[in-house]
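Residue numbers (the numbering used here), protein chains in the order written: chain A, 1 to 116; chain B, 117 to 206.
Note that CB positions come from ideal geometry on N, CA and C, so glycine has one too.
Below, the structure written as structure tokens:
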């Protein structure tokens, strides 16, 4: 039982930290706002929720269903729910504001909706 | 195999190092939406950092800070996006 909890929590922590670091590298390296947004949305969903779920599992292993574990899971679920919404609103605002796509883009299906 | 406390500490170090690209993007981002994207990512990373630190310290107050930061960061991002879109917030 203890081994199972340890393996699960280290697995969740590894997935979360890996997703968060790769998202940050994407934020640094990718060429335009929409590509960067594509990278940073993974931080919110997989990264933050993975690490906070790992905290909840560790807390469950040591002291059962405690307030700290439940609060960590609540924060993770809140981020999981709200991160796609904020990403969508930022990309919509950026497109309407007139930020252009990067050089190698081949398709713009939203073209014509721009506010002149 | 490393213990759980060491794994938490290593994760905390990696996460603190991973906030450096966000700060670079906030300072030097070419356009305004770039900075807002970086601010949103920084907020999410800070929630995770506060959560891990609170768990390591065993502090019940810092995990409240993480929860509140998640909510405030979401509201701030939405307000900035609305402002970019319409030129006013409401």
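Query	Result
As assigned by DSSP and simplified to three states, the class of residue 201(B)	helix
Beta-carbon separation (whole angstroms), residue 19(A) vs residue 43(A), contact threshold 8 Å	7 Å
Member of 129(B), 130(B), 153(B) whose CA lies at the smallest distance from the CA of residue 140(B)	153(B)
Beta carbon of residue 58(A) nearer than 8 Å to that of residue 171(B)	yes
Cα-Cα separation between residue 53(A) and residue 72(A), rounded to whole angstroms	7 Å
CB contact check: residue 44(A) to chain B, cutoff 8 Å	yes
Span of the alpha helix (DSSP H) around residue 122(B)	120–134
C-beta neighbour in chain A for residue 163(B), strict 8 Å	yes
Cβ neighbour criterion (16 or more within 10 Å) applied to residue 191(B)	exposed
Buried versus exposed call for residue 110(A) [16 or more other C-beta atoms within 10 Å across all chains shown]	exposed
Same chain, Cβ closer than 6 Å to residue 68(A), neighbours up to 5 away in sequence not counted	59
Pair within 8 Å by beta-carbon distance, residue 89(A) and residue 197(B)	yes
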